[in-house]
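Peer 1: First the structure, then my questions, so here it is.
Residue numbers (our numbering): 2 to 119.
The structure is reproduced here in structure tokens:
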């Protein structure tokens, strides 16, 4: 038999904003060769559960070129060629990062990444 002991209200907290990163960095200084090999990642910072996110696309803005939409989580050959032409001190922005979580749940708000090339 099932008995009710009473009711208790509880609050369900939403997920925090996801953070974008490459090699664990959301910003900072990086060499061109390291940036070319980078994999764009997304994760929930300071969240008690391990929810793996998979980046499905992102936009990268390389100075001197129009922003490029990239499918997947790694740099396309076209983007690698653009990165090769950068000079020290120029900043690359990775934004509009899209990811999916467990069971294919879309995560559309992932924090941007800003990297200065040395």
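We treat Cβ as the ideally placed atom computed from N, Cα and C, and that holds for glycine.
Got a sec, what are the start and stop residues for the beta strand (DSSP E) residue 55 sits in?
Peer 2: The count along the chain shown starts at 1 and reaches residue 55 at position 54. Looking at the DSSP string, the run of the beta strand (DSSP E) that includes residue 55 is 55–62.
Peer 1: Taking the alpha helix (DSSP H) that residue 72 belongs to, which residues open and close that run?
Peer 2: Translated into positions along the chain shown, residue 72 becomes position 71. Taken as a continuous stretch (DSSP letters only), residue 72 belongs to no alpha helix (DSSP H), being part of the beta strand (DSSP E) at 69–72.
Peer 1: Kindly indicate the opening and closing residues of the alpha helix (DSSP H) around residue 78.
Peer 2: Within the chain shown, the letter at position 77 stands for residue 78. Looking at the DSSP string, the run of the alpha helix (DSSP H) that includes residue 78 is 78–85.
Peer 1: Shortest alpha-carbon distance to residue 40 belongs to which of 15, 65, 81, 2?
Peer 2: Indexing the chain shown from 1 puts residue 40 at position 39. Out of 15, 65, 81, 2, 81 has the C-alpha closest to the C-alpha of residue 40.
Peer 1: Which residues in the same chain have their Cβ closer than 7 Å to the Cβ of residue 113, if we skip the five residues on either side of it in sequence?
Peer 2: Taking the chain shown and counting its residues from 1, the one referred to as residue 113 is at position 112. 21, 94, 95, 96, listed in sequence order.
Peer 1: Considering Cα atoms alone, identify which of 116, 110, 30 is closest to residue 100.
Peer 2: Stepping through the chain shown from its first residue, residue 100 is reached at position 99. Out of 116, 110, 30, 110 has the C-alpha closest to the C-alpha of residue 100.
Peer 1: Determine the direct distance from the alpha carbon of residue 108 to that of residue 79, and round the result to whole angstroms.
Peer 2: Locating residue 79 in the chain shown gives position 78, where the first residue counts as 1. Locating residue 108 in the chain shown gives position 107, where the first residue counts as 1. Near 26 Å, if we compare the C-alpha coordinates of residue 108 and residue 79.
Peer 1: Please report the residue range of the alpha helix (DSSP H) in which residue 75 lies.
Peer 2: For the purposes of this step, residue 75 is taken as residue 74 along the chain shown, with counting starting at 1. From DSSP, residue 75 is part of no alpha helix (DSSP H); its letter is neither H nor E.
Peer 1: Which value, in whole angstroms, describes the spacing of the CA atoms of residue 51 and residue 16?
Peer 2: Indexing the chain shown from 1 puts residue 51 at position 50. Indexing the chain shown from 1 puts residue 16 at position 15. Cα-Cα distance, rounded: 12 Å.
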